[in-house]
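Novice: Please find one structure pasted underneath; my questions will follow.
Right, here's the structure in full:
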């Protein structure tokens, strides 16, 4: 197993992204997003995306030095034109604006236009939650979700994310694709050469498949319910923002790398003390958290809240290091050489 | 089949609720909610609840003449103490406040405390969407959702609802329990004497069951994803509002009928023209709607958006009348006699 320490990983990511032309805000945002996802065990949205991201900066799909334009038609509802920024950078900028609005008005929403793949939405939502706010975060994606009753996908794997502060340091965090798994998670199965669980994906004929290389689209989580949630996310991120929607969204891995994807994102941030005092809210969140973790579990299992597996994994990886799969390691070595940035793995 | 015309049903509901002591706002809100749910084919949350609702007004669980207290610690984030009102009445009042706030600030959220069962959340969200706003609506419920990896339920079937205006008259409307089906839908199976589909519910030993009378709790939609969404809804409706949460919520059908349930609700309403002009937004929503409805479907099926089945059913029921199951008819006849309100069915 190839392992790298979290702090070394951050340095590597940051230097590579700066070398690829990203400005400080963009490289910091992307680095935080990718490295935190990997730390939390969300490998699908972690550092394995770095080579693709570097390519997207160099080839022109993404703007490494965006000029963000923030406008507000209404005090509590803003719009951020992200100038084809990296998705993480656009998202972090949007969350900053949301927090300012929430401080002033109790609540603030920002719709992002002209952005790109935002990685794990938890990166943005957790930023607000760590500062004591409740955050909801959404983005859309190219159509890879089999429509309910349909023969092909229309919506993307459009994730829903919510982060909420509590007494313990790490916030509650739900971050879920509305498909059974995300496409990037399928890519992880593919690169590991592992079969998919049943009822996750279908092939080009619409038949269920367990072979990731045969999969052309994913099944919605909870049948028509995941499909319905994906359509709601498309409204907020695609229709509302004026971006592409449905089958017109350029594919992350299929569109030309010089073509901006013009993706939308949508964030809502609100004060956690809208009804109670902040302290009381945090205590009640902790009480719910503690109660759930004590619930009687099936043999060999634990009852957990969303984000709990990621918190456990973070602790382990902070100690032992973050694994890099062989394919990603090869690409990292090539980036290391190309940009003359040392890649310091943990000696095994 | 016992059928009643929609307008006759409205009159019957309204007169019964007024007779049971409800003030005008409460009886109008509950009538609209129940009759609209039945019109849209959502029988689980429709007029079959009327007898239970009447009982809850008479026995003291709900306040038929509530004194609503609306306060705002922040301009865009309000709190409505519903004084143990009927859930529909509290929800309608909250949506009115949200709309006022959205008009002023672009966005408004209202957390409801001290309310009760709100029926179909679509009633409230559709009100805002019909006036041109985007609405999100949430409520929590007594713990009936089997925890992921757990032996018993902690969260409720906590629904997620979103309604969005478009060019055509009826808005887009997603309204889903985070369980495979709602508990009230299970009650419909029970009263019809019909078996449940597989993987919907479990019995008191935690084993899957298809017999509604053996079911003690429901499986989450999309496994841990529905469970995760339910926990998010609990945060907004239970933790944030200061209400009961988790296993401390009095059961709709199991708690004493003189005990207020003290449920929370949460609403967000925003202007649809935060980025684009209203006309353009409505056109784009319609374009997505039309595209989805034209997507290639599996044999004998149609690809639809959330709310489409309900729109089709509404048209049919508006013409042919709304069905009343035999159990509900008996109860309606008894209410009709008790309160001296004529029940005018369609002659069959």
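Residue numbers (the working numbering), protein chains in the order written: chain A, 204 to 551; chain B, 204 to 551.
Each residue gets a CB set at the ideal place from its N, CA and C atoms; glycine is no exception.
Computed from a predicted model, the values in this text were never measured in an experiment.
Thinking C-beta only, is residue 347(B) closer than 9 Å to residue 363(A)?
Specialist: Here residue 363(A) is taken as the residue at index 160 of the first chain, counted from 1. Here residue 347(B) is taken as the residue at index 144 of the second chain, counted from 1. Against a cut-off of 9 Å, the Cβ pair of residue 347(B) and residue 363(A) comes out as no contact.
Novice: Measure the alpha-carbon distance for residue 337(B) versus residue 297(A) and round it to whole angstroms.
Specialist: Reading the second chain from its first residue, position 134 is the one you call residue 337(B). Reading the first chain from its first residue, position 94 is the one you call residue 297(A). Their Cα atoms are separated by approximately 20 Å.
Novice: Are three or more beta carbon pairs between the segment 382-401 of chain A and the segment 446-458 of chain B nearer than 8 Å?
Specialist: Flag = no, the segment 382-401 of chain A and the segment 446-458 of chain B do not touch.
Novice: Does residue 423(A) come within less than 9 Å of chain B when only Cβ atoms are used?
Specialist: In the first chain, residue 423(A) corresponds to position 220, counting from 1. Yes, residue 423(A) lies at the interface with chain B (some Cβ there is under 9 Å from its Cβ).
Novice: Run down chain B in chain order and give the residues with a C-beta less than 8 Å from the C-beta of residue 357(A).
Specialist: Sequence index remark: in the first chain, residue 357(A) carries index 154 (1-based). Those are 494, 495, 498, 506, listed as they occur along chain B.
Novice: State buried or exposed for residue 477(B), treating a residue as buried only when at least 16 other CB atoms are found within 10 Å of its CB.
Specialist: Your numbering for residue 477(B) matches position 274 in the second chain. With 16 or more Cβ atoms within 10 Å of its Cβ, residue 477(B) is classed as buried.
Novice: Residue 367(B) versus chain A: which residues are under 7 Å apart at the beta carbon?
Specialist: Taking the first residue of the second chain as 1, we reach residue 367(B) at position 164. Residues of chain A passing the Cβ test: 438.
Novice: Alpha carbon to alpha carbon, how far is residue 415(B) from residue 393(B)? Give it in angstroms, no decimals.
Specialist: Your numbering for residue 393(B) matches position 190 in the second chain. Your numbering for residue 415(B) matches position 212 in the second chain. Near 5 Å, if we compare the C-alpha coordinates of residue 415(B) and residue 393(B).
Novice: With C-beta atoms as the reference, is residue 343(A) less than 9 Å away from residue 322(A)?
Specialist: For this step, residue 343(A) is matched to residue 140 along the first chain. For this step, residue 322(A) is matched to residue 119 along the first chain. No, these two residues do not count as a Cβ contact at 9 Å.
Novice: For residue 365(B), write down the residues that DSSP places opposite it in a beta bridge.
Specialist: Within the second chain, residue 365(B) is the residue found at index 162, counting from 1. Residue 365(B) pairs with 339(B), 377(B).
Novice: According to DSSP, is residue 412(A) part of a helix, a strand, or is it coil?
Specialist: Here the question's residue 412(A) lines up with position 209 in the first chain. Here residue 412(A) sits in strand by DSSP.
Novice: Kindly say whether residue 427(B), judged by its beta-carbon, lies nearer than 9 Å to any beta-carbon of chain A.
Specialist: If you number the second chain from 1, residue 427(B) lands on position 224. It does; some Cβ of chain A falls within 9 Å.
Novice: Tell me the start and end of each unbroken alpha helix (DSSP H) in the segment 227-254 of chain A that is at least 4 residues and wholly inside, in chain order.
Specialist: Qualifying alpha helix (DSSP H) stretches, in chain order: 227-242.
Novice: Considering only residues of the segment 463-501 of chain A, which uninterrupted beta strand (DSSP E) runs meet the minimum length of 3 residues and lie entirely inside it, listed in chain order?
Specialist: Segments of the beta strand (DSSP E) lying fully in the segment 463-501 of chain A: 466-474.
Novice: Under 9 Å between C-beta atoms, does residue 351(B) make it to chain A?
Specialist: For this step, residue 351(B) is matched to residue 148 along the second chain. Closer than 9 Å: yes.
Novice: Kindly indicate if chain A contains any beta-carbon less than 9 Å away from that of residue 531(B).
Specialist: Position 328 of the second chain, counted from the first residue, corresponds to residue 531(B). No, residue 531(B) lies away from the interface with chain A (no Cβ there is under 9 Å from its Cβ).
Novice: For residue 512(B), which three-state DSSP category applies?
Specialist: Locating residue 512(B) in the second chain gives position 309, where the first residue counts as 1. Helix, per DSSP.
Novice: Are the CB atoms of residue 233(A) and residue 291(A) nearer to each other than 9 Å?
Specialist: The count along the first chain starts at 1 and reaches residue 233(A) at position 30. The count along the first chain starts at 1 and reaches residue 291(A) at position 88. Yes, these two residues count as a Cβ contact at 9 Å.
Novice: Would you identify the three-state DSSP class for residue 312(A), choosing helix, strand or coil?
Specialist: As a first step, residue 312(A) is located in the first chain; it is residue number 109 there, counting from the start. DSSP places residue 312(A) in strand when its eight states are reduced to three.
Novice: With residue 319(B) and residue 289(B) assumed to form a contact (beta carbons below 8 Å), what rounded beta-carbon distance in angstroms separates them?
Specialist: As a first step, residue 319(B) must be located in the second chain, where it is residue number 116. As a first step, residue 289(B) must be located in the second chain, where it is residue number 86. Residue 319(B) to residue 289(B), Cβ: 6 Å. Contact.
Novice: Quick check: the Cα distance between residue 396(A) and residue 417(A), rounded to an integer number of angstroms?
Specialist: Walking along the first chain from the start, residue 396(A) turns up at place 193. Walking along the first chain from the start, residue 417(A) turns up at place 214. Cα to Cα, the separation comes out at about 12 Å.
Novice: Counting only Cβ pairs nearer than 8 Å, list the residues of chain A close to residue 501(B).
Specialist: Sequence index remark: in the second chain, residue 501(B) carries index 298 (1-based). Within 8 Å Cβ-Cβ: 352, 353, 354, 409.
Novice: Could you compute how far the alpha carbon of residue 256(A) sits from the alpha carbon of residue 469(A)?
Specialist: What you label residue 256(A) is simply residue 53 of the first chain in a count that begins at 1. What you label residue 469(A) is simply residue 266 of the first chain in a count that begins at 1. Cα to Cα, residue 256(A) sits roughly 21 Å from residue 469(A).
Novice: In the DSSP assignment, find the beta strand (DSSP E) that holds residue 272(B) and state where it starts and stops.
Specialist: Start at 1 with the first residue of the second chain, and residue 272(B) comes out as number 69. That run of the beta strand (DSSP E) goes 272-277.
Novice: Using a cut-off of 7 Å between C-beta atoms, extract the partners of residue 278(A) located in chain B.
Specialist: By one-based count along the first chain, residue 278(A) stands at place 75. Near residue 278(A) (Cβ distances below 7 Å), the residues of chain B are 308, 309.
Novice: From the DSSP output, which residues share a beta bridge with residue 284(A)?
Specialist: To locate residue 284(A), count along the first chain from 1; it is residue 81. 272(A), 316(A).
Novice: Using 9 Å as the limit for Cβ to Cβ distance, is residue 381(B) near chain D?
Specialist: Among the chains of the structure shown, chain D does not appear; the protein chains present are A and B.
Novice: When Cβ atoms are compared, which residues of the segment 464-486 of chain B fall closer than 8 Å to chain A?
Specialist: The residues in question are 471, 473, 474, 475, 476, 477, 478, 479, 483, 484.
Novice: Taking DSSP as the reference, what is the three-state secondary structure of residue 221(B)?
Specialist: Looking up residue 221(B) in the second chain gives position 18. Helix, per DSSP.
Novice: Flag this pair as yes or no: are the beta carbons of residue 513(A) and residue 243(A) separated by less than 9 Å?
Specialist: On the first chain, residue 513(A) is found 310 positions in, with the first residue counted as 1. On the first chain, residue 243(A) is found 40 positions in, with the first residue counted as 1. The answer is yes: Cβ separation under 9 Å.
Novice: Report yes if the CB atom of residue 511(B) is closer than 9 Å to the CB atom of residue 496(B), and no otherwise.
Specialist: For this step, residue 511(B) is matched to residue 308 along the second chain. For this step, residue 496(B) is matched to residue 293 along the second chain. Yes. Within cutoff.
Novice: Can you list, in chain order, the residues of its chain whose CB lies under 7 Å from that of residue 445(B), leaving out five sequence neighbours each side?
Specialist: On the second chain, position 242 is the one that residue 445(B) refers to. For residue 445(B), where only same-chain residues beyond five positions count, the Cβ hits under 7 Å are 316.
Novice: What number of angstroms, rounded off, separates the C-alpha of residue 438(B) from the C-alpha of residue 499(A)?
Specialist: Position 235 of the second chain, counted from the start, is the residue given in the question as residue 438(B). Position 296 of the first chain, counted from the start, is the residue given in the question as residue 499(A). Approximately 21 Å between the Cα atoms of the pair.
Novice: Mind pulling the chain A residues with CB within less than 8 Å of residue 578(B)?
Specialist: Lying outside 204 to 551, the shown extent of chain B, residue 578(B) is not represented and no answer is given.
Novice: According to DSSP, is residue 205(B) part of a helix, a strand, or is it coil?
Specialist: To locate residue 205(B), count along the second chain from 1; it is residue 2. The answer is strand: DSSP assigns residue 205(B) an E or B state.
Novice: Taking any Cβ of chain B, which residues in the segment 255-266 of chain A have a Cβ under 9 Å from it, in chain order?
Specialist: Listed by position, the residues of the segment 255-266 of chain A near chain B (Cβ gap below 9 Å) amount to none.
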